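Below is one structure, written out as structure tokens; the observations come after it.
Numbering (the numbering used here), first residue to last: 9 to 318.
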């Protein structure tokens, strides 16, 4: 069953390449009052989207949001139409960032790069090969990361809301508090690559960091509030864990003078796991593909569950 090819792109002022991606999928870009589907390109305008949805009623059958993380729009989601987002679009570059930060932290590049004198050989640094790895989140980033970790022969556990086998994972478990504790305990590397929800906010706190060991590394490429920042500072200072690689922070941007800046066992990058230059061709491809699928009546990529908020 084919569907309408009348799709609006909003709000006014979004980049022209978004409309180009819609047209490349075979759709006609039309005004909002003529559309049956919508690509909403504002990164943070849930009120504007609500106004559009209220005015359209049930005429808008599908809304595409172009980002993987849709926290600003959770309250705007409804069960009256199909919703899709950019989940999985940025998996390749972000998974590469995980591997970069993990290797740098595990090999103590954070410590050595800050030194202003030649350091004698010491005990710092651990191997990623055959490491015990725990990944919180089982989406597209994790799928790619598992492939990248393949040559390192890691013992990998994935924690996800709906557990099912994943290629490259030794085991996949559920997300109950007890299961998270068991998966994290004794890990050499913990990677946070999951959606931010009320349940996952603060998922890595001081109690769980204490389940790790003095040569453990934490890498966060998801959202800053997954980690309790004050607890992380305390763990890094005390040597409860060896190092942290953080592409996302809480607060973000991290203010000048924050204790994390002065810790030699912490690598901070300014949310660049996926840059606009990396994202644009990947996102355009996703939009074009979903538009073509929509018109053809096929299943869309990146569906959002309004009840779960991601």
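Even glycine gets a Cβ: it sits at the ideal position worked out from N, Cα and C.
Treat the numbers as computed from the prediction; the structure is a model and nothing was measured.
Between residue 141 and residue 86, the gap from beta carbon to beta carbon reaches 8 Å or more.
In terms of Cβ geometry, residue 225 and residue 113 form a close pair [threshold 8 Å]. By DSSP's assignment, residue 311 forms a beta bridge with 92. Rounded to whole angstroms, the gap between the alpha carbons of residue 89 and residue 243 is 45 Å.
Taking a contact to require three or more Cβ pairs closer than 8 Å, the stretch 298-306 and the stretch 31-44 qualify as touching. Restricting attention to 179, 42, 205, 220, the CA atom closest to the CA of residue 13 is found in 42. Per the coordinates, the alpha-carbon of residue 263 lies some 14 Å from the alpha-carbon of residue 232. Contact between the stretch 203-210 and the stretch 115-128 is absent: fewer than three C-beta pairs spanning the two stretches fall below 8 Å. With a minimum length of 3 residues, the unbroken runs of beta strand (DSSP E) contained wholly in the stretch 37-76 fall at 45-48, 70-72. Straight-line measurement puts the Cα of residue 266 at about 32 Å from the Cα of residue 165. Between the C-alpha atoms of residue 21 and residue 290 there is a straight-line separation of about 21 Å.
With respect to the C-alpha of residue 293, the residue from 279, 280, 304, 309 having the closest C-alpha is 309. Rounded to whole angstroms, the separation of the alpha carbons of residue 70 and residue 37 is 14 Å.
Here residue 157 carries a helix assignment [DSSP, helix/strand/coil]. Sixteen is the threshold: when 16 or more other Cβ atoms of the shown chains lie within 10 Å of the Cβ of residue 73, as they do, the residue is buried. Inclusion of residue 202 and residue 230 in the CB contact set at 8 Å is warranted, their separation being smaller than that value.
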